[in-house]
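2 protein chains.
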Amino acid sequence: MARSPHKKSSAPASGNAVTADLVAVLVAVTDGTPDIMTIAGGSALPSGPFEFTHRSLQTALRAWVEAQTGHPLGYVEQLYTFADRGRSGDAKSPHSVSISYLGLTREDKVGEGFEAHWSGWYDYFPWEDHRAGAPAFIARSIAPKLKAWAKAAPSPTLQRERWQRCAITFGLDDRDWNEELVLQRYELLWEASLIPEAGRAHDREAPIVPGKPMTADHRRILATGIARLRAKIKYRPVVFELMPAEFTLLQLQRSVEALAGRLVHKQNFRRLIEQQELVEETGAMAADTVGRPAKLFRFRHAVLAERAVAGTKLPLSRT
Amino acid sequence: MARSPHKKSSAPASGNAVTADLVAVLVAVTDGTPDIMTIAGGSALPSGPFEFTHRSLQTALRAWVEAQTGHPLGYVEQLYTFADRGRSGDAKSPHSVSISYLGLTREDKVGEGFEAHWSGWYDYFPWEDHRAGAPAFIARSIAPKLKAWAKAAPSPTLQRERWQRCAITFGLDDRDWNEELVLQRYELLWEASLIPEAGRAHDREAPIVPGKPMTADHRRILATGIARLRAKIKYRPVVFELMPAEFTLLQLQRSVEALAGRLVHKQNFRRLIEQQELVEETGAMAADTVGRPAKLFRFRHAVLAERAVAGTKLPLSRT
DNA sequence: ACCATTTATACTCTCCTTGAGCATAAGATG
DNA sequence: CATCTTATGCTCAAGGAGAGTATAAATGGT
């Protein structure tokens, strides 16, 4: 950076030209399955160069997604910006800045003629789904590999620190599982060379953990998006962006659980939703259900005005 | 964005070249005053083009700041990325992408020969300091102007919505003050043309609110940084990045209060800090104090390992 | 020496939230 | 009609948060 006081207009004549790319984590929930939009057979997130014909980054993203899926994006939030030095080894390759976004959409139809389609996000992060308890392969497969990695640290102190980190992020040694640590877990697995994308030559033989890989750092971006969303649903009414116009409280709960990757106490969930007046009855009842029919609710859009900025609560502890 | 699946390397030959700028919100706290680093006589945040000789954006920022102040940056976090279409009207001006960062630093010395210096952040946002209660000019000056703006809306419904928004963000009509809504307040004042930076020609005569303006959108970036920091101190032990090696609990409390812009209950503050084992006694006592001398504490760096990712609590309600 | 003042520090108390469980209602199915 | 399934209402105990009381340890003035 230069010392000169804010002189954007006097742009450097050379060397600093870059391209700007957008990368999108588009989320939808269908029948309790959280999906993300992917291209290239599920091996990449949708991405492309930013066109400066748009007013802003967000506008560009919305326009593109809406053209792609035919549906408006309910909620859009910027995630993170990286700088890439072009492909390694290829000095001619241009520098680029990648700006990633999280987008929530209600429907999961993808326009015809596009190669984009929806993939379940737990295909990429099977260890993140704790709705049926901690997946067995964490204890059976991941934990031992992490232990081996921790043991491989040069000093006993470092070994202990590594293992402590593993135990915290993966909820080992009787610790609680923290569903928000998606990115930390991914980065830990990367460091331990348990992720194919990390594949350094000398680690080719390293044992690998389940989960579908993605191009470049796309799985990391996805992890960032999931982490952000899991944190956000706890204090902002964003879940509703993923719901149909009318829904039962159980459907709402299932969506929250799908995102959080863990179950919540049903009665407490209802208590919180109702006491916050986030929803109102439509008067109708859910059709063709098993068991007692449930009331249908709709999101009270008024709350967006009442406390567009204020909080929401969900029975997911925020420790 | 293009439909092509992830082809960064096949960069567009034209039109998409941009420059990347970094903008920094650097925060330090001295004697209960939160400061930010500014240039150009306090009218701009430090910024400059990103040099691709650095490994990453964060590295570039750190290097630059350390060169500038001679001190390592304790904590760095990305804030937001904007795209600018060059200066309006100047078609030749290059497009640019501005990436803003929040940085915390312990000392507030600025290297010699630089024009950078520290400014109190409440100079720019006087309405954000509620440590001595709500500033009188909010009720006396801001609220009436906001009310006038709300009344100017075309329909009664819109008038009500506008006013509701004002009341929520500024804690009017007996609502609670929410210190995290820094950005929302700034944007509201902007919309109401009460901010010089908003200055549209036809509003030149509009009454203006106290607070020092900044170049371009720098005050908005600063608002983003303050908001982020106010939110962060509630669940991450970042305050310590701003403290000297040893401090009393009151000093720590004053720093938190300086950032949050509001007072906290002393006994409860201590209770929380101690029960979380964030600090440990140094054994020494504070010198030359008024009143009973206080024990000196230091931050327990171990907690960064123990729960690098886990939470912290402060007696600031998160409604 | 004594007192007012200032800050430090230890407890207590009450209300609210949260996590969890029990009980009952209202449908479908055989 | 018994049983299964989901919906929905209610209670209870433990912990946390907000706020107040009481006491201790220093300083400076009279």
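Keeping their order, the protein sequence lines are chains S and C. Under numbering that gives the first Met the number 0, the first residue of the first sequence carries the number 0, and numbering increases by one thereafter. Under numbering that gives the first Met the number 0, the first residue of the second sequence carries the number 0, and numbering increases by one thereafter. C-beta atoms are modelled at their ideal positions from N, C-alpha and C, and glycine is treated no differently.
Give the single residue among the options whose Cα lies nearest to the Cα of residue i.
i: C:His94; options: S:Ala39, S:Glu50, S:Arg299; result: S:Glu50
i: C:Ala149; options: C:Cys165, C:Trp120, C:Pro134, C:Pro45; result: C:Cys165
i: S:Ala293; options: S:Leu72, S:Glu127, S:Gly282, S:Tyr234; result: S:Gly282
i: C:Ala133; options: C:Arg261, C:Ala19, C:Leu303; result: C:Arg261
i: S:Asp30; options: S:Ala62, S:Phe246, S:Leu295; result: S:Phe246
i: C:Leu103; options: C:Pro33, C:Phe296, C:Gly198, C:Gln266; result: C:Pro33
i: S:Val22; options: S:Arg61, S:Leu56, S:Ser97; result: S:Ser97
i: S:Leu78; options: S:Val24, S:Leu145, S:Ala197; result: S:Val24
i: S:Ile207; options: S:Thr214, S:Asp216, S:Ala197; result: S:Ala197
i: S:Ser118; options: S:Ala59, S:Ile167, S:Lys146, S:Met213; result: S:Met213
i: C:Leu145; options: C:Leu271, C:Ala191, C:Arg105; result: C:Ala191
i: S:Leu303; options: S:Lys265, S:Tyr74, S:Arg291; result: S:Tyr74
i: S:Val26; options: S:Asp216, S:Asp128, S:Leu258; result: S:Leu258
i: S:Ala285; options: S:Thr168, S:Ala230, S:Leu56, S:Ala244; result: S:Ala244
i: C:Phe81; options: S:Ala131, S:Asp83, S:Ala19, S:Asp128; result: S:Ala19
i: S:Ala226; options: S:Trp120, S:Asp83, S:Ala43; result: S:Trp120
i: C:Ala59; options: S:Asp83, S:Glu65, S:Phe136, S:Val64; result: S:Asp83
Would you identify the three-state DSSP class for residue i, choosing helix, strand or coil?
i: S:Arg54; result: coil
i: S:Ile194; result: coil
i: S:Gly224; result: helix
i: S:Ser87; result: Note that S:Ser87 scores 47 on pLDDT, short of 50, meaning its location in the model is unreliable and no value can be drawn from it.
i: S:Asp287; result: coil
i: S:Leu78; result: strand
i: C:Ala200; result: Note that C:Ala200 scores 47 on pLDDT, short of 50, meaning its location in the model is unreliable and no value can be drawn from it.
i: C:Val181; result: helix
i: S:Arg139; result: helix
i: S:Arg219; result: helix
i: S:Leu25; result: strand
i: C:Asp122; result: helix
i: S:Met0; result: With a pLDDT of 44 at S:Met0, under the threshold of 50, the predicted position of this residue should be treated as unreliable, and no value is reported.
i: S:Ala19; result: strand
i: C:Ala230; result: helix
i: S:Arg130; result: strand
i: S:Ala244; result: coil
i: S:Trp176; result: coil
i: C:Pro209; result: coil
i: C:Leu187; result: helix
For the putative contact between residue i and residue j, defined by C-beta atoms under 8 Å, what is the C-beta separation to the nearest angstrom?
i: C:Leu277; j: C:Ala222; result: Contact doesn't hold; Cβ gap of about 28 Å is too wide.
i: C:Arg323; j: C:Tyr123; result: Within the shown structure, residues of chain C are numbered from 0 to 318, placing residue 323 of chain C beyond reach of any answer.
i: S:Arg269; j: S:Leu248; result: 5 Å
i: C:Pro48; j: C:Ile38; result: About 15 Å separates the two Cβ atoms, so there is no contact after all.
i: C:His53; j: C:Ala62; result: 6 Å
i: S:Gly41; j: S:Lys233; result: About 29 Å; that fails the 8 Å criterion.
i: S:Ala115; j: S:Gln57; result: So it is not a contact: roughly 20 Å between Cβ atoms.
In the DSSP assignment, find the beta strand (DSSP E) that holds residue i and state where it starts and stops.
i: S:Glu280; result: 278-284
i: S:Lys294; result: 294-298
i: C:Val96; result: 95-103
i: C:Pro155; result: Note, C:Pro155: premise wrong, no beta strand (DSSP E); alpha helix (DSSP H) at 155-169.
i: C:Pro48; result: 46-48
i: C:Gly119; result: 116-119
Tell me which residue opens and which closes the alpha helix (DSSP H) that residue i is part of.
i: S:Thr37; result: Per DSSP, S:Thr37 belongs to no alpha helix (DSSP H); it is in the beta strand (DSSP E), 32-37.
i: S:Ser254; result: 248-259
i: C:Trp148; result: 142-150
i: C:Arg269; result: 265-274
i: C:Ala304; result: 301-305
Would the beta-carbon of residue i be found less than 7 Å away from any heavy atom of the ligand MG?
i: S:Thr58; result: As for the ligand MG, it is missing from this structure, which has no ligand bound.
- Query: Are the stretch 134-152 of chain C and the stretch 233-250 of chain C touching by the rule of at least three beta carbon pairs closer than 8 Å?
  - Reply: Short answer: they don't touch.
- Message: Assess contact between the stretch 149-158 of chain S and the stretch 253-269 of chain S, defined as three or more Cβ pairs (one per stretch) separated by less than 8 Å. Is contact present?
- Response: Per the Cβ contact rule, the stretch 149-158 of chain S is not in contact with the stretch 253-269 of chain S (fewer than 3 Cβ pairs under 8 Å).
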